[in-house]
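Take 1305 as the starting number for the sequence shown in this note's numbering and just add one per residue.
Glycine included, each C-beta is placed from N, C-alpha and C at the ideal position.
Note that the structure is predicted; figures quoted are calculated from it, not measured.
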Amino acid sequence: MRGYPRPIIALLLLAALISGCQTLPEAVRDTAPLWYSRQQLVQAGAWIGYGEGATLAEAKQAARADLSRTLQSQVTSQITIERQQHQGEVVVTARSAVEELSRAQFSELQTLRSEAINPRFYVALAYDNRPLWQRLAPLLTAAANAAAPPEQSVQELFSASPLQQQLQRHYGYGSYRPNAPLTLSHDGNGYRLHAADQHVGVRQREVALLLPPTQLSPQLGLRLEPQLTNYPPEQLFQVVLQPAISGYLSLIQIFGSGATVLNLANQPVTTAALSLRYPDPKRYEGLMTELPAGQSETRVVHLALICHQPRDLSRFSALSSEVGQQPQSFLLGELPALLQGCHWSALSQRIGR
């Protein structure tokens, strides 16, 4: 039997090498776990993102990027269908949700599956897209099993909040309070609701659900007055009080972001004062409240309280006059305790285009 000529042998070897190089990526891809290759994991009310990387951190980052693309594509299809009904509001919601997801901590994203096949890591992350009242269901169970909260001597600041109404409507749960049995905290990234050893993150667009509605006390006579006729009253205004009691007056603004800003702290007042205005009209035209970028509306709550003794308000930051300076205190959960034994009023103000 005659052998192949040397040039032909060389060509055959080269072809084998090229063929091996071409099939190597396929071999690597074949090592991915089946749940990752098919990408058919399901969790009710959740969007799922898949990622792989040389490290677990890289895989999670890729899964977050995949979640963002999923969110954008889903909302784009909604825009096509609902543009006439919502007149662009879906676009604003989409942008807000995508930005929110990009800031989401890994603690908020649930790891559905994670697997390491040397030398790659594969991860599936779930973003719970259900409304806040549904995500709170496990906390309500934990709160129901906890010890009964102490009696409150003051009308609950948050008792008629939109979240309270949702919990009452869906669960018949009528004792939502940010101080007990559900506690409210802020960890630097956002608010969290706690019960027992569980917690649920409150997303930025959901903070407005925690804010109290207008609740006025005749002892304070709280109202807002517009300052300029060419400005809408919700944009340039002064806070006016006609107190019928004496004590120490404080004014706090609660913004739609959940920021709590101290405008006036422990100013002595007597019933002889016919009318108190903030800010001082001799120095300032008024308070200007602007819409956050990308939002068509927001809500601000003006909280006035008169207490028999001065309150410790050192943790509340003051509103800065510097452009771009954001409030630094997020103390919604501390407000009910602050109001204990005081007369107070809350005036909710909608600001929109």
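G1560 and G1656 have their C-alpha atoms roughly 12 Å apart. Within the same chain, and ignoring the five residues on either side of A1430 in sequence, the residues whose Cβ sits closer than 6 Å to its Cβ are Q1347, A1350, I1352, Q1414 and L1416. Three or more beta-carbon pairs separated by less than 8 Å are not found between the region 1515 to 1531 and the region 1485 to 1501, which leaves the two stretches without contact.
Under a 10 Å Cβ-count criterion, D1501 is classified as exposed, with fewer than 16 other Cβ atoms of the shown protein chains found around its own Cβ.
As a beta-bridge residue in DSSP terms, P1530 pairs with F1541. Per DSSP, R1496 is one residue of the beta strand (DSSP E) stretching across Y1495 to A1499. With respect to the C-alpha of L1639, the residue from R1654, F1541 and V1605 having the closest C-alpha is V1605. Residues L1609 of the same chain have their beta carbon placed closer than 6 Å to that of W1648, with the five preceding and five following residues left out of the count.
In the DSSP assignment, R1603 falls within the unbroken beta strand (DSSP E) covering E1601 to C1611. S1341 and N1433 have their C-alpha atoms roughly 24 Å apart. Within the model, the alpha-carbon separation for S1621 versus L1545 is close to 22 Å. The three-state reading of DSSP puts R1507 in coil, since its state is none of H, G, I, E or B.
By the neighbour-count criterion, in which 16 or more other beta carbons inside 10 Å mark a residue as buried, I1421 falls on the exposed side. T1564 is a Cβ neighbour of L1636, given a cutoff of 8 Å. Under a 10 Å Cβ-count criterion, S1372 is classified as buried, with 16 or more other Cβ atoms of the shown protein chains found around its own Cβ. A check of alpha carbon separations from Q1468 across S1489, T1445 and L1440 identifies L1440 as the nearest. Within the model, the alpha-carbon separation for P1442 versus P1547 is close to 43 Å. A residue is called buried when at least 16 other Cβ atoms come within 10 angstroms of its Cβ; S1618 does not meet this threshold and is exposed. Relative to P1423, the option among L1375, A1499, A1336 and Q1571 whose CA is nearest is A1336. Q1571 is a Cβ neighbour of Y1552, given a cutoff of 8 Å.
Per the C-alpha coordinates, the member of A1361, C1646 and L1360 positioned closest to S1521 is C1646.
By alpha-carbon distance to S1579, the top candidate from R1603, L1566, S1550 and G1562 is S1550. In the DSSP assignment, P1572 forms a beta bridge with Y1552. Within the model, the alpha-carbon separation for E1356 versus L1338 is close to 13 Å. Taking 8 Å as the cut-off, the Cβ atoms of L1526 and L1345 do not count as close. The C-alpha of D1370 lies about 47 Å from the C-alpha of Q1542.
For S1489, the enclosing beta strand (DSSP E) covers residues T1487 to H1490.
Scanning its chain for C-beta atoms nearer than 7 Å, with the 5 sequence neighbours on each side dropped, one finds around H1474 the residues W1437, in chain order. DSSP, read as helix, strand or coil, puts E1412 in coil. G1562 is the residue among V1506, H1503, G1505 and G1562 whose C-alpha sits nearest the C-alpha of S1633. Bridge partners of G1355 according to DSSP: V1427.
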